[in-house]
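Here's the structure, in structure tokens; my notes come after.
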Amino acid sequence: MEKKMRFGIKSKIIIGYLIVIVCLFIAFIVLNSQISSLQKERNFIIDHDIEVHDLTNRIEKHLLDMETGQRGYIITGEASYLEPYNSAASSWEKDYNALYQLLNNNPNQQEKLEKIKGSIQDWIEAAGEPTIALKKENNTKELQQFFEKDPGRQYMDDIRSQFTSFRNVEKKSTETRATELDEKNQKIKIGLYGLLLFVTLISLAIAIVLSNSIVNTIKEVTQTIKRITASKGELKGRIKVRSNDEIKDLGIATNALLENIEERNWLQTNIAHAVTMYQGIASVDKLAEKFLFTVSEMTGASFGAFYVREENDKGDLFVKQAAFADRKGDAGRESFLIGEGLIGQAALEKRTLVINDVPDTYQLIASGLGEVKPKSIFIVPVLFEDEVIAVIELASLHELTVLEQELISQVIETFGLTINGVIRRMEIARLLKESQAMTEELQAQSEELQTQSEELQMQSEELRMINEQLEERTKDAEEKSFELEAAKEDLEEKAHQLELNSQYKSEFLANMSHELRTPLNSILILSEMLEENAAKTLSEDEEEYARIIHSSGKDLLALINDILDLSKVESGKLDVLLAEMNMSELPDQIERNFSHVAEQKKVQLKINKAQDVPNIIHTDEKRFQQIVKNLLSNAFKFTESGSVTVSIQRVADHRLTTAMRTVDTDCWLEIAVADTGIGIPKEKHQLIFEAFQQADGATVRKYGGTGLGLSICSEFAKLLGGWISLSSEVGKGSTFTLYLPSLSNGLVDYEKVNFAYEEVAVSIEEAEPEAEITEIDHPVQPVEPSLPDDENVFQDKRVLIVDDDQRNIFALKTALAKQGMTIMTAHNGIECLEMMKNSEPFDLILMDIMMPQMDGYEAMQKIRGELKLVDLPIIALTAKAMKNDREKCLEAGASDYISKPLDLNQLFSVMRVWLVN
């Protein structure tokens, strides 16, 4: 009978649960089906619509990268701006194809996409590639004409409008799907409530039946549980049941449950206490100390160490951050590598180690009365994102219970996140300090961006208004694209012609220099010899004629040099050699060079140098001297009476503009050349700095000149990092001011200099000079150079002149013969080599470069190589005077280099040096 009752209660409970489970299973199947349907709808909306919007935005970003790269390259000419353009050009079609495939169930949207693709391709063909090609060809004129029309902007506005329309349609489609999904969800909710009600009713019926069958038998158990409940959480009491049936099983199970709950309460209470103690801790070492103290207090552990992972060259190193019951710092090793020892192995395998059989050699736990060997060791790694970031080792005088081990394990589960959070907070605190330094800059940029945002809003409104007009012009732009393609081919052909013309220009200037300097060499040498009239055979008028010829030759040489310098500057082939320049010598140099001019014109020369001007600056002294000499020559040329004043001072710090401060320089100098001459009209101030330009025709007729001087000065000043400004009034005089930086750290960016000139143009004129000026008064007396006595050096020296021009040979032979030298001549390199092989040795060779059959380069190489005459002085003479000629001559074997037309004093000086050596 007892077995039947036991069976009956069990059967009823099983049957009741089976019915409930079946109902729940049926409800679950129905609900799961509906939820799966909703999930599919939801996933479609999330995946499909988000992907569509993402691909749309990416295509627009690619187009923006192309437009930005195109404009950046056109503005700056930097090839690096083409990298985003090329990358976007190769990527946008891939995203377009993915978007097109994603919309295969929406033909209308695919049709809009095809229109967008056409617009993008039209922009690339009409505005993208042509402008880049024009920039590469440096065709500024065509670029300017292109951007005056700017068809690319029309395409871009059209594309943006098409994308906006496309996204609006997608947005409406998404809203429609969401509405349908909400309706399905409402239906499922209603069905769920119905099923819930049905299952509830069945469950209540079963519960009533079962409760009626067992309620009487469990009253005693209920009373016992009530007493336990009335004890306000005290779980020490236990249920006592005398019967031997399911109720007894229930009592036993309830007692086990009470014990388990009691353990769990203890576990949860200690876990909560451990978690709350992490709050407010901002450093790893304090967190480790607090953790060890808390865990030791909960588990009764007597010894412990806490290690945190740090990365170094040897790999992951775990360093001790804290210890419990530490005795003079000997609680465990200071650090260990992963896999090193038991603790390292636990970190490597990411598993907890419990050792109850502790060896006798293990470190003892110290107390006030002595030392005790631990009975249990517990090593647990702390994980964060499946990576070991810390390891904890505890030692106890008793074996840790399973509950204590579980407590530590559960605390450790979230402790990795806490450690990582503390480490991150420490890192954030460090980064916060760095970010504070950037706050001011970001605020300034934010204000600028806000201003730009307002401007963009205004522009977007304007663009919206003209969008309709742009659409009407699209068709016209498409027709013009074909015309632009034809124009592109023409421009490419013209660019090729311009490149050839530039090459022809360089060759023409080189040949012109040679052809002009060769006869000019003879004119200058012979006219100088005639002017000296050593034989006293010429009359005074004939001597004057010779002086006029020599002076005219020098003027022609200066004109040739000016044209070559201007050509080199325009082509960017003029070298700038930075070196130290002594500014203290500049006043004396100016006086030596121009005092005799001042005397001749009866004009007073004043030189003022401020005391704060540094003695040494870094610049190209040759170009600097050319600028100053040219400015002074102009000042004396256009000044009939009065004075010419040179003022040298340092630009004060308060006068430096922002752009001038960006130039990497020691100081800025201001060299002003003021005259009391004819003056220049204000409308001509810019004109006179252009090549071959002067203020008016009367100036050219009265004063002469080619108009190249100021143009060359302006270009030289730019190369040296400065500029020239002009202030002038007709009839009162002019002041040319050279602003120049000391370039101790190399050349500056010309764009910075150009911007600095524009910024300083007004401020320099308004500023009052505060530098203390010291006037340097020197007696105006011309310097008479002493003529060297060359008779002992040149007498009976054998000199070989190698030149294909008989005029040069005659001039040189006549001049050298007067010095007592023996002269031999050869007309090309071949004759030169033959004469050297078949005649007595020569003391010196004057070698022309441009000769037929064998030029001077080859001849010098054979003299040094084949004839082994490495010590024979060879002076190269050339009329080409182009870039790198000197280096080429020296590499070919020349001892020295002189350009034609020759200065006899220079020639004799160079010859004397090499003959004496």
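All letters in the sequence shown, in the order written, are residues 13 to 929 by my numbering.
C-beta atoms are modelled at their ideal positions from N, C-alpha and C, and glycine is treated no differently.
Note that the structure is predicted; figures quoted are calculated from it, not measured.
Where the alpha helix (DSSP H) through residue i begins and ends
i, result
"Ile293", "Neither: Ile293 is in no alpha helix (DSSP H) and is coded neither H nor E."
"Phe920", "916-928"
"Glu63", "62-88"
"Asn605", "598-613"
"Leu360", "353-361"
"Glu878", "Run containing Glu878: none; DSSP gives neither H nor E here."
"Glu903", "897-904"
Counted within 10 angstroms of its Cβ, other Cβ atoms place residue i as buried (16 or more) or exposed
i, result
"Leu209", "exposed"
"His666", "exposed"
"Ser921", "exposed"
"Asn117", "exposed"
"Asp134", "buried"
"Gly745", "buried"
"Gln464", "exposed"
"Val366", "exposed"
"Gly565", "buried"
"Asp77", "buried"
"Pro853", "exposed"
"Ile560", "exposed"
"Lys621", "buried"
"Glu497", "exposed"
"Tyr751", "buried"
"Phe40", "exposed"
Assumed close pair residue i, residue j - CB separation to whole angstroms, cut-off 8 Å
i, j, result
"Phe336", "Ser308", "5 Å"
"Ile910", "Leu889", "6 Å"
"Ile218", "Ile31", "6 Å"
"Ile389", "Val403", "Going by Cβ atoms, the distance from Ile389 to Val403 rounds to 13 Å, so no, they are not a contact pair."
"Phe330", "Ala359", "7 Å"
"Glu53", "Lys201", "Not a contact, Cβ separation roughly 15 Å."
"Leu36", "Val211", "6 Å"
"Thr486", "Gln166", "7 Å"
"Gly841", "Asp867", "6 Å"
"Lys387", "Ser421", "Wrong, their Cβ atoms sit about 20 Å apart, outside the cutoff."
"Ile700", "Leu732", "Not quite, the Cβ-Cβ distance comes to about 20 Å (not below 8 Å), so this is no contact."
"Ala334", "Leu304", "6 Å"
"Phe728", "Arg635", "5 Å"
"Val805", "Ile835", "With 8 Å as the limit, Val805 and Ile835 do not qualify as a contact, their Cβ atoms being about 16 Å apart."
"Val685", "Phe748", "5 Å"
"Leu415", "Glu275", "6 Å"
Range of the contiguous beta strand (DSSP E) that encloses residue i
i, result
"Ile628", "628-631"
"Ser92", "Ser92 -> no beta strand (DSSP E), and no H or E assigned at all."
"Met859", "856-860"
"Lys10", "Residue coverage of the chain in this structure runs from 13 to 929, which leaves residue 10 outside it and unanswerable."
"Ala402", "399-408"
"Lys332", "327-336"
"Ala888", "886-890"
"Arg810", "810-814"
"Gln661", "655-662"
"Gly316", "315-324"
"Asn9", "The requested residue 9 is not part of the displayed model; the chain covers only 13 to 929."
"Glu741", "735-741"
In the stretch 111-182, which residue ranges form an unbroken alpha helix (DSSP H) of at least 4 residues, counting only runs that do not cross its ends?
119-135, 141-148, 152-161
Say whether the stretch 734-741 touches the stretch 610-617, bearing in mind that this needs 3 or more beta-carbon pairs closer than 8 Å, one atom from each stretch.
no
Check whether the stretch 298-313 and the stretch 447-465 are in contact - that is, three or more C-beta pairs closer than 8 Å.
Counting Cβ pairs under 8 Å, fewer than three are found: no touch.
Sufficient close CB pairs (3 or more, under 8 Å) joining the stretch 157-172 to the stretch 188-195
no
Are the stretch 655-665 and the stretch 629-638 in contact at 8 Å, needing three or more beta carbon pairs?
no
Report yes or no: do the stretch 117-132 and the stretch 174-187 share at least 3 C-beta pairs separated by less than 8 Å?
yes
At a cut of 8 Å, does the stretch 138-150 reach the stretch 497-512 through at least three beta carbon pairs?
yes
With a threshold of 8 Å, are at least 3 pairs of Cβ atoms found where one atom belongs to the stretch 287-301 and the other to the stretch 428-446?
The answer is yes - the stretch 428-446 touches the stretch 287-301, with three or more Cβ pairs under 8 Å.
Within the stretch 822-868, ranges of the alpha helix (DSSP H) (whole runs, at least 4 residues)
841-850
Examine the Cβ distances between the stretch 587-596 and the stretch 638-648 and report whether three or more of them are shorter than 8 Å.
Taking 8 Å as the limit for Cβ pairs, the verdict is that the stretch 638-648 does not touch the stretch 587-596.
Is it true that the stretch 56-70 meets the stretch 83-96, where meeting means three or more beta-carbon pairs spaced less than 8 Å apart?
no
Count the CB pairs spanning the stretch 282-292 and the stretch 319-326 that are closer than 8 Å, and state whether there are at least three.
By the Cβ test, the stretch 282-292 is not in contact with the stretch 319-326, since fewer than three Cβ pairs between them sit closer than 8 Å.
Are three or more beta carbon pairs between the stretch 538-545 and the stretch 819-834 nearer than 8 Å?
yes
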